[in-house]
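Positions in the sequence shown are counted from 1; adding 1481 to them yields this note's numbering.
By construction, the Cβ of each residue, glycine as well, lies at the ideal position given by its N, Cα and C atoms.
So the structure is just underneath, and the comments pick up after that.
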Amino acid sequence: MALGTDMLDGQGVILSPGTETGPAALFLVFGLIVTVQGFETVRYMGAEYAPALRIRAMHMALLIATLIYMAYLLPLSLIFTPAPQAVIETAIIDMMGRLAPILAPLLMIAALSAQFSAALADTGGSGGLLAELTRDRIGARHGYVILGAVALILTWVGDVFSIIGYASRAFAFYYALQAAIAAAGAGNWPKRLFFFAMALLGGAITLFGTSGE
């Protein structure tokens, strides 16, 4: 396996040679897969919606997000330049500005809106999960305070890329645990083996995933 970059110029697409091969390339792919999005919020809405509806909601959200990510990333990969350059937090905004000037401010507005809503949803879901795991020994409100304190500490001591790495590994580990639980409760061996394989993949991504930047 070899990973390279593409560049689109006036004469077409330029393919640069791969720089990573073997296990290093595989671990880099793990690092790309580790960039996941959680849609577990509806899991804590059992009082309002039936389980079947909540399961369909999560499946649909994951499918729509996958289509959006692919439609976004595939064209974006064409403007990566083969020359090495410093990776900074705002690099994606500069890249969007190269495609069209209007895209940079739109991306900033969309990012702020999306992350604000995601922060609210994830905080709500995490508080509910903490209350569930502790059997309400730690209530959701106290969970919000704990999560907020942890978020402030991480923001103070780490940079954007390290925080994303921690969060992504935590997501991968969480999904590995969920897959292991699903494997234990599966009704037949094909499903059990599938969920067990997903649990192993999630564990491997958590341990060996390499940051893409």
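Residue i: buried (16+ other C-beta within 10 angstroms of its C-beta) or exposed?
i, result
"Phe1597", "exposed"
"Leu1544", "exposed"
"Ala1533", "exposed"
"Leu1658", "exposed"
"Gly1690", "buried"
"Ser1643", "exposed"
"Ala1653", "buried"
"Ser1607", "buried"
"Val1641", "exposed"
"Ala1680", "buried"
"Tyr1656", "buried"
"Thr1687", "buried"
"Leu1555", "exposed"
Answer with yes or no whether the minimum CB distance from residue i to chain D is below 8 Å.
i, result
"Arg1650", "Going by chain labels, chain D is absent from the structure shown, which holds only one protein chain."
Just to confirm, does residue i get its C-beta within under 7 Å of one of the non-hydrogen atoms of the ligand FMN?
i, result
"Leu1682", "With respect to the ligand FMN, the structure shown offers nothing to examine, as it has no ligands at all."
Mapping the DSSP letters down to three states, classify residue i as helix, strand or coil.
i, result
"Thr1615", "coil"
"Ala1602", "helix"
"Arg1656", "Note on residue identity: the sequence assigns Tyr, not Arg, to residue 1656. Tyr1656 falls in the helix class under three-state DSSP."
"Ile1645", "helix"
"Ile1583", "coil"
"Thr1547", "helix"
"Gly1695", "The requested residue 1695 does not occur in the structure, where the chain is confined to residues 1482 to 1694."
"Ala1531", "coil"
"Gly1608", "helix"
"Met1526", "coil"
"Leu1661", "Sequence check: residue 1661 is Ala here, not Leu. Looking at Ala1661 - three-state DSSP - the assignment turns out to be helix."
"Gly1620", "coil"
"Thr1691", "coil"
"Gly1503", "helix"
"Thr1667", "A small correction: the amino acid at residue 1667 is Ala; Thr does not occupy that position in the sequence shown. The answer is coil: DSSP assigns Ala1667 none of H, G, I, E or B."
"Val1517", "Low local confidence applies: a pLDDT of 48 at Val1517 is under 50, so the model's placement there is unreliable, and no value is given."
*Does the region 1612-1628 come close enough to the region 1645-1654 to have 3 or more Cβ pairs within less than 8 Å?*
The region 1612-1628 vs the region 1645-1654: no contact.
*Within the chosen definition, does the region 1671-1681 reach the region 1627-1638 through at least 3 CB pairs nearer than 8 Å?*
Cβ pair count under 8 Å is below three, so no.
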